[in-house]
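Scroll down for the structure; my scribbles are underneath it.
Number of protein chains: 2
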Amino acid sequence: MTSNSASESTASTPNNTDWLDEVRWNSDGLVPAIAQDCDSGKILMMAWMDKTALLATSEQGRAIYYSRSRQRLWPKGESSGNVQNVKSIKLDCDADVIVLDIEQIGGIACHTGRESCFYRELVDGTWETKAPVLKDPKEMYS
Amino acid sequence: MTSNSASESTASTPNNTDWLDEVRWNSDGLVPAIAQDCDSGKILMMAWMDKTALLATSEQGRAIYYSRSRQRLWPKGESSGNVQNVKSIKLDCDADVIVLDIEQIGGIACHTGRESCFYRELVDGTWETKAPVLKDPKEMYS
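As structure tokens, this is what we get:
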């Protein structure tokens with residue numbers, strides 16, 4: 015058999031980040047990342063990542079987003095302790111959206127103290143709150 | 015009891031679209047909309063909606079997106095027949111992301127003929143295809 019171990023070696027090197035260049039970053043250099051609970055399947059939140067955030071997420075196994083308001087990396091749970099352990103990272107057909115399968119430490123993804131950020135539902139022309147606050151945000155960020 | 019039927023009547027009028035103004039549309043007038051399968055919980059796709067698309071989705075009970083490439087409304091399944099019946103519409107804490115709980119007619123959301131658009135997973139620095147093509151796209155769009 016012909017050996018092509020050199021190219022194989024290059025392809026499997028942990029520092030090879032060609033996969034990052036396959037992502038279609040938007041004009042701000044960002045991509046939306048959806049966090050889904052690996053046990054319940056619930057969609058917990060959507061935030062944004064830049065290249066550094068996605069690389070750090072893949073290396074550390076914890077969700078690290080890019081905060082557009084603070085314009086810096088945002089390691090999820092840095093204040094609240096509610097970090098997200100990442101089980102898998104998926105990419106869509108257009109290569110412009112990420113899905114993270116995650117374990118939500120503390121059971122709370124939302125800064126309002128709820129399990130999921132998607133706690134409002136459209137009912138008869140009104141956004142109705144459908145999920146309870148599990149922990150007072152004042153306690154989460156004290 | 016004091017009656018406030020006048021204001022209640024206004025609030026419940028089907029044509030009242032104040033709820034649309036509570037959404038924080040981006041600078042292009044769009045909001046990301048994530049479609050989740052109501053049975054399996056799988057995330058099938060993410061697309062974008064403008065105000066007209068979200069209103070039409072709520073009125074028709076079928077997912078209608080806004081195609082950024084074609085710059086027009088995109089009733090999901092208009093070519094393939096794979097329409098999405100909408101069970102619920104959720105909004106996140108920042109009011110800038112939508113989740114649609116949907117029934118995927120035909121069992122295929124992706125234009126590649128796969129169930130979900132998120133069929134690639136990061137494995138050892140490579141995006142590996144993890145889900146099969148269920149139907150040849152040539153058949154879907156003929």
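Sequences listed follow chains A and B, in order.
Heads up, the final residue of the first sequence is numbered 156 in the working numbering, and it's a clean run with no missing numbers.
Heads up, the final residue of the second sequence is numbered 156 in the working numbering, and it's a clean run with no missing numbers.
From the three backbone atoms N, C-alpha and C, an ideal C-beta is built for every residue, glycine too.
These figures come from a predicted structure and were not determined experimentally.
Cα-Cα separation, residue i to residue j
i, j, result
"B/A70", "B/A109", "18 Å"
"A/M60", "B/D51", "17 Å"
"A/R76", "A/T140", "35 Å"
"A/D115", "A/I103", "7 Å"
"A/E142", "A/L136", "6 Å"
"B/W39", "B/C107", "14 Å"
"A/K144", "A/Y133", "5 Å"
"A/S94", "A/S130", "15 Å"
"B/T66", "A/G55", "29 Å"
"B/G127", "A/M154", "44 Å"
"B/V111", "B/I57", "14 Å"
"A/A123", "A/N30", "31 Å"
"A/G121", "B/V113", "20 Å"
"A/L105", "A/I48", "10 Å"
"A/S72", "A/G43", "18 Å"
CB contact check: residue i to chain A, cutoff 8 Å
i, result
"B/M60", "yes"
"B/Q85", "no"
"B/A50", "Going by the sequence as given, residue 50 of chain B is Gln instead of Ala. With 8 Å as the cut-off, B/Q50 counts as an interface residue toward chain A."
"B/I57", "yes"
"B/G14", "No information on residue 14 of chain B is available, as it lies outside the stretch 15 to 156 that chain B covers here."
"B/S72", "yes"
"B/G75", "no"
"B/T143", "no"
"B/G43", "no"
"B/V113", "yes"
"B/G139", "yes"
"B/S102", "yes"
For residue i, three-class secondary structure by DSSP
i, result
"A/S130", "coil"
"A/Q74", "helix"
"A/W229", "An answer regarding residue 229 of chain A cannot be provided, because it is not within the stretch 15 to 156 covered by chain A."
"B/P146", "coil"
"B/E117", "strand"
"A/K101", "strand"
Cβ of residue i within 8 Å of any chain B Cβ
i, result
"A/R134", "yes"
"A/P46", "yes"
"A/E36", "yes"
"A/P105", "Per the sequence presented here, residue 105 of chain A reads as Leu, with Pro not at that position. Judged by the 8 Å Cβ criterion, A/L105 is in contact with chain B."
"A/T66", "no"
"A/N30", "yes"
Residue i classed as buried or exposed, judged by whether at least 16 other C-beta atoms fall within 10 angstroms
i, result
"B/G91", "buried"
"A/Y79", "buried"
"B/D64", "buried"
"A/S41", "exposed"
"A/Q118", "buried"
Residue i CB to nearest heavy atom of the ligand MG below 7 Å
i, result
"A/M63", "What this structure holds is no ligand at all, so the ligand MG is not there to describe."
Cβ of residue i within 8 Å of any chain D Cβ
i, result
"B/V97", "Among the chains of the structure shown, chain D does not appear; the protein chains present are A and B."
Is it a yes or a no for the stretch 33-50 of chain B touching the stretch 81-100 of chain A, going by three-plus beta-carbon pairs under 8 Å? no
Quick check: the stretch 78-92 of chain A against the stretch 146-153 of chain A, are there 3 or more CB pairs under 8 Å? no
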